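Residue numbers (my numbering): 5 to 267. We treat Cβ as the ideally placed atom computed from N, Cα and C, and that holds for glycine. Note that the coordinates shown come from a computational prediction; the quantities given were computed from them, not determined experimentally. Since the structure comes first, as structure tokens, the remarks are kept for the end.
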Amino acid sequence: MANDGSLMLVRKVAEVLDFLTKGEATATEIAEAIHEPRSSMYRLLASLQEEDLVEAGSRRGKFRLGFKLVSLGSAVVERFDERRFAQPVMERLHALTGETVFLCVPRGDQAVCIERLDGKRVQSLALRLGGSLPMHTGAASRAILAFRDESEWEAYIARNTPLTRLTPSTPAEPSELRALLRRTRDEGIAISDQDVTVGVAAIGVPIIDYQGRVRAALSISGVRESILGVDGDRWKAEVISGGQEISRALGVDLAGQKVANFG
5 MANDGSLMLV RKVAEVLDFL TKGEATATEI AEAIHEPRSS MYRLLASLQE
55 EDLVEAGSRR GKFRLGFKLV SLGSAVVERF DERRFAQPVM ERLHALTGET
105 VFLCVPRGDQ AVCIERLDGK RVQSLALRLG GSLPMHTGAA SRAILAFRDE
155 SEWEAYIARN TPLTRLTPST PAEPSELRAL LRRTRDEGIA ISDQDVTVGV
205 AAIGVPIIDY QGRVRAALSI SGVRESILGV DGDRWKAEVI SGGQEISRAL
255 GVDLAGQKVA NFG
């Protein structure tokens, strides 16, 4: 059985790696962020470098995530059936729209991106592969939250109040979020209109399994005029169709499901 010291060390390693997902940083910056003495941080970073979990950054004194994490992350991603079934749908949407296509899965109060195909014109920087967004922000995130039971909405709001506001359009008031989630569920599709990044919009739908559980969400994202402009209705129909296809691959009989109104 692990002792308290071992658990503390594991926790510190996790905090360091999590902090470096935001980009390169110095030992001092990491130490201050996770409240660790600089001397201890240098020793910890040296040990992580020996294991290829951390490596020297692009500038002297900077550190970044190590190459070994690529294989570890790939092993985790490969276990998601959603990703395997979604890949052809995502590629079709990408070819058709030219926009960034995302596949996200829930993890706690976050939606984590497990696959993305970069847009041909504009590449969204808000949600990178392996990155996450709070459930009340963005189309994919809200597509997941909206199709859960309303009791889970209330639990989410209670845990996360005050709700993070990423832009002036982020639904950060509980009443505003509830209304948006109800509309999302009624319409069967989530719309993100500049609530993650100003000037960027997204369309998202839930992916459900044979038990009626929301397993993931599919979305496309790009410049607002491209997503919600003259082709907006067409893109909505294509994303809905893609979500249905992936859900059917997970064993869903859509005619018998009450989880989502897929248009």
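Taking the C-alpha atoms as reference points, what is the distance between Phe-106 and Ile-118?
8 Å
Taking 9 Å as the threshold (C-beta atoms), are Arg-42 and Ala-35 in contact?
yes
Are the segment 90-100 and the segment 160-173 touching, with three or more C-beta to C-beta distances below 8 Å?
no
Would you say Pro-175 and Asp-190 are within 9 Å of each other, going by their C-beta atoms?
no
Per-residue DSSP class, three states only, for Val-263
Confidence at Val-263 is low in this model, with a pLDDT of 41, below 50, so the placement of that residue should be treated as unreliable; the coordinate-derived value is given next. In this structure, Val-263 counts as coil in the three-state DSSP scheme.
For Thr-272, which residues does DSSP report across the bridge?
Since the first residue shown for the chain is 5 and the last is 267, residue 272 is missing from the structure and cannot be characterised.
Going by C-alpha distance, which of Ala-205, Arg-238, Glu-158 and Ser-196 is nearest Arg-182?
Glu-158
Kindly indicate the opening and closing residues of the alpha helix (DSSP H) around Ile-161.
154-164
By DSSP, does Ile-193 sit in helix, in strand, or in coil?
coil
Looking at Val-20 and Ile-38, is the spacing between their C-beta atoms short of 9 Å?
yes
Does the distance from the CB of Arg-234 to the CB of Gly-203 come in under 9 Å?
Note that residue 234 is Val in the sequence shown, not Arg. It is not a contact, given that the beta carbons lie outside the stated cut-off.
Between which two residues does the alpha helix (DSSP H) containing Gln-114 stretch?
From DSSP, Gln-114 is part of no alpha helix (DSSP H) but of the beta strand (DSSP E) over 114-121.
Where Arg-146 falls: helix, strand or coil (DSSP):
helix
For Glu-40, I'd like the list of residues in its chain whose CB is within less than 7 Å of its CB, leaving aside the five on either flank, ordered along the chain.
Lys-16
Nonlocal neighbours in the same chain, by C-beta distance under 7 Å from Ala-150, ignoring five residues either side
Leu-185, Thr-188, Arg-189 and Ala-194
DSSP state of Gly-216, grouped into three classes?
coil
In chain order, what residues of the same chain have a beta carbon less than 7 Å from the beta carbon of Tyr-46, not counting five sequence neighbours either side?
Ala-31
State yes or no: is the C-beta of Ala-130 within less than 9 Å of the C-beta of Ser-223?
no
Between which two residues does the beta strand (DSSP E) holding Thr-104 run?
104-111
Straight-line Cα distance separating Leu-24 from Glu-268:
This structure cannot settle anything about residue 268, because the visible part of the chain is limited to 5 through 267.
So, are the CB atoms of Ala-147 and Ala-221 less than 9 Å apart?
yes
Have a look at Val-145 and Asp-113 and give me their C-alpha separation to the nearest angstrom.
The question names Val, but residue 145 is Ser in the sequence shown. Each residue's alpha carbon lies about 9 Å from the other.
Between Ile-211, Glu-229, Gly-236 and Glu-55, which has its C-alpha nearest Lys-72's C-alpha?
Glu-55
Quick test of your reading: Ile-250 and Val-93, contact by CB under 8 Å. State the CB separation rounded to the nearest angstrom.
6 Å
Straight-line gap, Ile-161 to Arg-125 (C-alpha atoms, nearest Å)
35 Å
Excluding the five sequence neighbours on either side, which residues of its own chain have a C-beta within less than 6 Å of the C-beta of Gly-247, listed in chain order?
Val-209, Ile-211 and Leu-222
On a Cα-Cα basis, can you pick out the residue from Pro-138, Glu-156, Ala-29 and Ile-231 that is closest to Arg-63?
Ala-29
DSSP on Ala-253, reduced to helix/strand/coil?
helix
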